[in-house]
Each structure stands twice: as structure tokens, then as C-alpha cells.
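Every number in this note's numbering is 35 more than the matching position in the sequence shown, counting from 1. Yeah, the Cβ is synthetic: ideal placement off N, Cα and C, and Gly gets one too. Notes to accompany the following structure.
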Amino acid sequence: MQQNFPDPSIIYADGEWWAFATMDMDINIQVARSPDFEDWTYLQGVDALPHPPGWVNMTNPNTWAPDVNQLDDGSFVLYFSATTTEDATKHCIGAATSDAVVGPYTPVKGTMACPLDKGGAIDSSGFKDWDIRGSGWGPGSGYSNETGEDNVYSNARWSCGGAGGQRYIVYKVDGNAIGNGGICGNTIEPIVPTPLMLQAVADDGITPLGDPVTLLDNAGVSDDGLVEAPALVKTWDGDYVLFFSSGCFSTQNYTISYAVSTSGLVTGPYERADGPLLKTGDLGGALTSPGGMDVHWDAKRMVFHAQDVSKAPDLVREMWAASIEIRDGSMVI
């Protein structure tokens, strides 16, 4: 989509695909829609979060990386990060709710994650852990085919049609915000941790259950001192795949990678793939600085952003949409 639409996320609802993205100009949360996942329409002037909560620094809110999830009662929860009135240089994670997928979303009171002493928190993403192997997926199972088609398994896009399954959010502790300098603030020793965290939440998608746990952290200079933009999905084999970005978003070192947990536990351990899933120069040279990926929970559709270098020196990050297939722990786009 030829529009500045960074850090996109996707959801299928009301018979259409919806995408949400980081703020642009005076729009806090951008929105786009598609009937078929191929032709996307940007909703000019639509702001999913027109009135951020009181803890947000409205002088420069920097509302980043939204993610929308549908709850069991049919309503929707929006996760986002924004700068705070307490410290305008750091972000915290908030949530907002709506009965309509497009919004407008009403913020809930307080933050969901706000470790300002560790750099703050960004890039929140929802995940619901279903017992895939024992749930009887397919037409007539109580789960609905989102396209309305009675397709074979490999071509179907399914929607959770029942209650149950533990909800989580994953997010990044934004340690490079308090780093010691260098690229994106964190390539000079000692490198500050930027862990990707997993937080269990109640069925409302908001109330935390217990303490967050670390899934993955940056590997130092080889990651340009950061990992971010986590997105979690469960495969049809019961493995967990954690997608993430590393490198500095404004450089050509920015990539999309993944790590896999084969233990049967969402908490891991996660083993990184040997190399990135997407990097600058991929797709016949079409990609520059791909990152900010989100994956639909069926593990068949993904979106991400990449720079449009023709717009330089402006940083314009356009949304790309693709199909993805997970084969024995490897990815095919």
C-alpha cells in the first residue's frame, strides 16, 4: 500500500481484513481495509484512537505499533504505546476498547506496562493460545471460515469461534531508550537489554495475570543492540513461532527474523533461526529495511513495512502484505 503505514497489524472481522498502523501527522492510529488481503484502501481521516488517555504526552504522543484483537464477547481491544507525561522520552503500553473493529476506541484507565526505569515499553501484540491439536478445527467444528468459503485446509482462513484459551500480550522493553549511544542508541558497550516479554492477561485482554516473563533478548552488536516488534503465533503442529525485528529501523540493517519454541510451552525456550526471514535486497531487490511484522493467528497471512527509498530523505514506510507457510519450523513467503 503506497502510504506511510509503519508497524502494521492485521485482523479479520466483519467479513473484511483490517490493518492498523503507527501515527502519521495528526492521526494517532491509522486504519486501512481490504476485502481480499490484496487490494487495500487507506481510510483517510479515520483515527482509531482519537482521544488518547490522560497519561499520554499529547505534545508529542508518538502513538506506535497498534494491535487489535477480538474478545470472546465480540468486542475489540486495541494495544498501543505512547510517550508519557512523566517522561516524554519514553513510551508505555496502553489499551482501549470498542464494539466496532474500526473504532473509535475508548482508553482504559492506566497503563499495561510502563517500566520507565528500564527504558519504557513498546510494540505490544496480542496472542491467544488455543489447543489446536485437540480443538477439532474445520468446517462445522464451531469455528468459522473467515472467507465464507468451504475450502480445503491449506487454503482456508479460520476464525476462532468459541471461548477458551489463555490470552497474552507480547511487548518489548525499550532498553535502547536508555542505551549508551551508537546506532539507535544501543551499540556502545555496555549494551542495555531490550527483552521481548510475555504477559498473561485475563479474558478481558487487559487485566494482567502474574508477572511477565522474558522470551528473547538482543544478541548485542549483531542485533544493533535491539530486538523489537514481537508477534507470536502457534503452528498447526503445536510449536510457537516468535517473529521479531532487529537492527535499527532507520538503517538498511533492519530485518525480520523468527525464533521457535518446540517444547510445547509458550514461554520457550525459543531458538533463533539461522538467518533473517526478510532483509534489505530481498524480493528481487524490492525491499529496504523490512520490519514491524504482524502475522494473522492462522499463521497464513502476514504484513510488514518497508522503506520507500524514492521518498528519501523522508522516512516513508509502506505496508506489504504476503502469504506465509510454516514448514517444519521454516518459513516460506
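- In the pairwise beta carbon analysis, the region 272-287 is classified as touching the region 312-326: at least three pairs are separated by under 8 Å.
- As DSSP reads the structure, V248 sits in a beta bridge with L233.
- Cβ-Cβ distances below 8 Å link L84 to N63, I64, T98, P101, L113, F115, A131, G138, P139, Y140, P142 in the same chain, with the five nearest sequence neighbours on each side left out; the list follows chain order.
- The residues P87, in chain order, have a CB closer than 8 Å to that of M93 in the same chain once the five nearest residues on each side in sequence are set aside.
- Separation of G154 and Y305 (C-alpha to C-alpha, rounded to the nearest whole angstrom) is 24 Å.
- The residue from D59, Q342, L300 with its alpha-carbon nearest to that of D166 is L300.
- No residue range can be given for G109, since it is assigned to no beta strand (DSSP E) and is classified by DSSP as neither H nor E.
- In this structure M328 is not in contact with A254, their Cβ atoms being roughly 19 Å apart against a cut-off of 8 Å.
- About 5 Å separates the Cβ atoms of C127 and T119, confirming a contact at the 8 Å cut-off.
- Unbroken alpha helix (DSSP H) stretches of 4 residues or longer found wholly inside the region 301-350: 317-320, given in chain order.
- N211 sits close to T229, with the two beta carbons spaced by under 7 Å.
- Cβ neighbours of W53 within its own chain (closer than 6 Å, five residues either side excluded): I46, R68, V136.
- Counting other Cβ atoms within 10 Å of its Cβ, Q105 reaches 16 or more and is therefore classed as buried.
- Here DSSP, grouped into helix, strand and coil, assigns I361 to strand.
- Residue pairing by DSSP places G161 opposite I204 in a beta bridge.
- Residue environment: N95 is assigned as exposed (fewer than 16 neighbouring CB atoms within 10 Å of its CB, all protein chains considered).
- Contact check for D333 against T297 fails: the beta carbons are separated by 7 Å or more.
- If you look at T270, you'll find it isn't in any beta strand (DSSP E); DSSP assigns it neither H nor E.
- Residue range 275-281 is occupied by the beta strand (DSSP E) that includes F279.
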